[in-house]
Structures are given as C-alpha cells and as structure tokens.
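Notes to accompany the following structure.
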C-alpha cells in the first residue's frame, strides 16, 4: 500500500522478558535494532537503543560480523550482512513461494502496469515478499521484507478473511491503527469487510493507508487449500474502478494457487 514510512511491528515483544538475557537474545536484540529508518549504526548508536553496554555491544557485534550477520566498514559503521539474506532465503514461505508466484506477478504487472505485490500473514501483520513497480504507477513505500498491519491492507484483508477463526478474532479485537479517515478502525467494520472478501473472493482496500492509493487483492492457496499468501495490485484512486482489476487479480491468484498444487484450482488453465 502507498503510505509514509511503514510502522515497524513484530509478532512478539523483543527481547522477551527475562531477568538475565542470554548472549543469543542480546545478539538478536542488536539485529532487531536495525530498521529502514536506521539501516546503519556505529557501535555507540547500537548501544543506545539496545541498552547494552558499549563493551558488550562491541563483543557481540564482533561475533555477528565474523559470522556475516553484520558488515563493518572502514569508518566503524555497521549494517546488516548478506549472510542473513542467505539464511532468510531458506524460509519455506520465502523463495519457493516467490518463485512459484513470479510468472503470475509479472503477468499481472503487464496487464496493469501498476504496482504488484506478494505478501504473507505473520502475526498481526503482513510481510511483503515481492514487489514490482512501474515508473508511472502510484508511489508505494512498501518494501520487500517490510511489514504493515494486516487490516489496513488489501493483502492483509484477503489473508485474514481465510485465516483461522482465532486469528480473525484477535485482529477484530484490535487495536486497529488509523492511517487515514478511511482506515478500518472498528472490530464490527473489520468483521463485515472480511465477510465481504469471503463472499466476493477479492479484497479492496480503498485509501486505508494513503488516500491516493487503492489495492485489489486475492488470496493464494497452498496444497491443502489453506491461504498461504496473497497478491495485490495497487493503483491510483480516481482512475479505473476497483472492479476493473478484479478479473486480472483473481486470475493471477488462481495461477499461483495452481502452481502450488491447491486442489480447488487443480487442472484449471493458466490465466
């Protein structure tokens, strides 16, 4: 979805409450201190948000740098290392899903020349695995690996609508963060929106995160027919109506579902 910098949330509080955090927990706290707003830091800058003494931060960053989780330049500035990307690529909801989805995401982009996105549900948020953007498309500031609260996004609504009941009820219970006057902020409204997604098979998020952008999304189903991901096209408001994009979005979602072996679409032709 288009918006200002995405709120940075995590599925669980970090670091976890403990009387004496382990070295592993403290090392993970260092990694968690990096963000899109803070992609590189000096040792003293790492020490402040983590609450670690400089000497402890120095020891742990040294270990993380030797392993490749961090990189350090000649000025003593640290950034996330490529070794973490290599490990993250092993996540079952990551590269395999992305590879199955890419041909259909590319088809959707060619059909619309708008922003196309792929995301999965992770706790109360969606995490974006892929994004294709056109130069003339509405500006979106979602990023690969970035998070957004699920109820405010098209992909999030599509996934929540097909999630387990307890997941839906947690989302409905809130709190629901407001981004614009159109953002869903009441549990009753969210419950109605999820029912509408189940009825129509698509989710529409119109101006929920930014008033200039509209998202049309659909769930992707896996081998057991559960929703494992969702894809969307994000377009400018005031252009073509949402229903104009529904056939292409549905076709792309069906194509990925079929590639993943979803029984409900097995045997259907591409498109």
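Numbering (this note's numbering), first residue to last: 296 to 566. We treat Cβ as the ideally placed atom computed from N, Cα and C, and that holds for glycine.
**Report entry** Boundaries (first-last residue) of the beta strand (DSSP E) holding residue 375
**Finding:** Its beta strand (DSSP E) spans residues 373 to 375.
Query - Identified DSSP bridge partners for residue 540 - result: According to DSSP, which records beta bridges pairwise, residue 540 is partnered with nothing at all.
Query raised in the report: Taking the alpha-carbon positions, what's the residue 432 to residue 352 distance?
Result: 43 Å
Report task. Return the Cβ separation of residue 515 and residue 528 in integer angstroms, given the expectation that the two are a contact with Cβ distance under 8 Å. Result -> Their Cβ separation, rounded to whole angstroms, is 14 Å, which puts residue 515 and residue 528 out of contact at 8 Å.
Query raised in the report: By the 10 Å Cβ neighbour count, where 16 or more other Cβ atoms means buried, how is residue 420 classified, buried or exposed?
Result: buried
Query - Contact check, residue 509 vs residue 501, beta carbons under 8 Å - result: yes
Query - Backbone secondary structure at residue 400 - three-state DSSP - result: helix
Requested in this report: For residue 425, name the three-state secondary structure that DSSP assigns.
Outcome: strand
Query raised in the report: Is DSSP giving residue 392 helix, strand or coil here?
Result: helix
Query - residue 367, enclosing beta strand (DSSP E) - first and last residue - result: 365 to 367 is the span of the beta strand (DSSP E), which, as asked, contains residue 367.
Query raised in the report: Distance, Cα to Cα, residue 400 vs residue 364?
Result: 30 Å
Query raised in the report: Which two residues bound the contiguous alpha helix (DSSP H) that contains residue 349?
Result: Per DSSP, the unbroken alpha helix (DSSP H) holding residue 349 starts and ends at 349 to 362.
Query raised in the report: Taking residue 317 as the reference, which of 355, 554, 497 has the closest Cα?
Result: 355
Query - Local conformation of residue 460 per DSSP, three classes - result: helix
Query raised in the report: With distances taken from CA atoms, which of 358, 482, 366 is nearest residue 336?
Result: For the residues 358, 482, 366, the minimum Cα distance to residue 336 belongs to 366.
Query raised in the report: What residue ranges within the segment 470 to 558 form continuous beta strand (DSSP E) runs of no fewer than 3 residues, ordered along the chain?
Result: 498 to 501, 508 to 516, 522 to 531
Requested in this report: Output the boundary residues of the beta strand (DSSP E) element that contains residue 444.
Outcome: 442 to 444
Query raised in the report: Which residue comes first and which comes last in the beta strand (DSSP E) that contains residue 414?
Result: 410 to 417
Report task. Leaving out five residues on either side along the sequence, give the residues of the same chain with a beta carbon under 8 Å from the beta carbon of residue 445. Result -> The residues are 416, 419, 420, 421, 451, 452, 454, 455, 466.
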